[in-house]
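Reading through the structure tokens given below for one structure.
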Amino acid sequence: MGSCSNLHIILLTTFIYFQLLSLQLTQSVDITKVLIDNQNFNIFSSLLSSSGVIDHFNRAQGNAEVTIFAPSDADFAKLSESGKLQSLPADQKVLVLKFLGIHSYYSEIILKTLVNPFQPTHATEATSAGSYRFSLSHFRGNVFINTGVDNRTVVLKTIYDRKPVAIYSVSNVLLPRDLF
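Those letters in the sequence shown? Residues -28 to -1, 1 to 152, by mature numbering (1 follows the signal peptide of the UniProt record, and there is no 0).
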């Protein structure tokens, strides 16, 4: 009888452990905090918050997975000098921000091996199936993003990578061909 009681305790303890582990794995990530803690992403974080796109990304991580390509403050400063972003109406600025996220979780290892010529973004979901896409490719350990606009963006480093969220620093603000 003692061994049966011990077995029940072990099974109950194991069950509780896995339930707690499951809760820990599914906790949502504070994307804004991750960006601010990494210091060079204050403009991006601010734009996500003020536009409401952060709520969209947070819902995405709760329902499935999300990978975000985060431009630095310097990237937004360069874009600001060109006037491209400021000239857009508010709804199109939102599409540019949604264009920086995809509905899949790509760990760094997967990202460095993935080749996908038609990657839909969160902006694709907001418009039509054939729009607001980019392609991912890799060469000599670097990941490249091609949007169809004059810039070829490089993934510079991993900011955050824990399922269901991956956030990567990129060399430019990704500009959708559909708007530029």
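In this text, a Cβ means the ideal position worked out from N, Cα and C, and glycines have one as well.
Check, Outcome
"Contacting residues, own chain, Cβ-Cβ under 6 Å from Val137 (five flanking each side not counted)", "Val1, Gln33, Val38"
"Which residues DSSP lists as bridging His28, in chain order", "Bridge partners of His28: none, in fact."
"Sufficient close CB pairs (3 or more, under 8 Å) joining the stretch 120 to 129 to the stretch 138 to 146", "yes"
"Nearest to Ala98 (by Cα), restricted to the options Phe71, Phe116, Phe90", "Phe71"
"Extent of the continuous beta strand (DSSP E) run through Leu128", "124 to 134"
"Element boundaries [alpha helix (DSSP H), containing Asn14]", "14 to 23"
"Proximity of Asp133 and Ser76 at Cβ, strictly below 7 Å", "no"
"Cβ shell of Leu(-6) (< 7 Å), same chain only, five flanking positions each side left out", "At Leu(-6), the pLDDT of 44 sits below 50, so the modelled position is not reliable; the number obtained from the coordinates is stated separately. Contacts found: none."
"Beta-ladder partner(s) of Phe41, from DSSP", "Tyr140"
"DSSP-derived helix/strand/coil call for His75", "coil"
"Backbone CA spacing between Val66 and Ser23 [nearest angstrom]", "6 Å"
"Gly73 burial status per 10 Å Cβ neighbour count (16 or more: buried)", "buried"
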